[in-house]
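Read left to right, the sequence shown gives residues 0 to 131 (numbering that gives the first Met the number 0). One structure is given below, encoded as structure tokens.
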Amino acid sequence: MRVLSAFVAITALFGGAQLFHGGNGESVAEEVTPSNSYRLVANGDQGACAVTRGASISDGLSLLTVAPTCRRLLPGIERAKFWRDQNDGTVAFSANGVDPIVTFAVADGDGYESYAPATPLLSLAGDRKTDD
0 MRVLSAFVAI TALFGGAQLF HGGNGESVAE EVTPSNSYRL VANGDQGACA
50 VTRGASISDG LSLLTVAPTC RRLLPGIERA KFWRDQNDGT VAFSANGVDP
100 IVTFAVADGD GYESYAPATP LLSLAGDRKT DD
């Protein structure tokens with residue numbers, strides 16, 4: 000009787016593991032990874048373009064790709080090559096990794112809003128699907 004109980008327990012354990020892994024050894028649980036694709040929008044959707052945060056270079060500094068069409072929103076932003084997460088929670092885009100072209104603060108809800116330069120007001124939000 001003990002052998003039968005042990006066999007049932009082992010079968011249930013193995014079957015549960017196979018169910019969780021979809022029967023193929025791979026977990027069916029999806030990993031949640033933050034989006035590296037963003038949509039940059041000027042003044043309440045008067046214009047938009049794609050921005051992609053690339054590989055991390057050092058602590059707080061990552062590569063950045065800004066679509067050429069972003070120059071319509073803020074002339075010169077297309078030169079930005081670096082994304083810097085600053086200690087105060089802000090994010091700065093720069094051409095050289097130091098001198099910001101535009102600086103964003105965390106917005107209410109999701110994403111960021113620019114505060115320097117003061118105009119135009121830009122918003123930056125995660126976007127898994129970018130068109131530009």
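We treat Cβ as the ideally placed atom computed from N, Cα and C, and that holds for glycine.
- Residue 62: member of the beta strand (DSSP E) spanning 60 to 65, first to last residue.
- In this model, residue 110 and residue 100 are separated by some 18 Å (Cα to Cα).
- By the criterion of a C-beta distance shorter than 8 Å, residue 94 is surrounded in its chain by 78, 79, 80, 81 and 100, once the five residues flanking it on both sides are discounted.
- With respect to the 7 Å criterion, residue 42 and residue 116 are not classified as neighbours on the basis of their beta carbons.
- If you draw a straight line from the Cα of residue 123 to the Cα of residue 57, it comes to about 22 Å.
- Taking the Cα of residue 108 as reference, the smallest distance to any Cα among 125, 92 and 96 is reached at 125.
- A straight line joining the alpha-carbon of residue 104 with that of residue 83 spans about 12 Å.
- Residue 68 carries a helical assignment under DSSP once its states are collapsed to helix, strand and coil.
- Counting only runs of at least 3 residues, the stretch 72 to 108 fully encloses the following beta strand (DSSP E) elements, listed from N- to C-terminal order: 81 to 84, 90 to 93 and 99 to 105.
- C-alpha of residue 62 to C-alpha of residue 49: approximately 14 Å in a straight line.
- Spatial neighbours of residue 35 in its own chain (CB-CB distance under 8 Å, excluding positions within 5 residues in sequence) are listed in chain order as 51, 52 and 53.
- Distance check between residue 114 and each of 68, 60 and 90 places 90 closest, using alpha-carbon atoms only.
- Per DSSP, reduced to three states, the secondary structure at residue 39 is strand.
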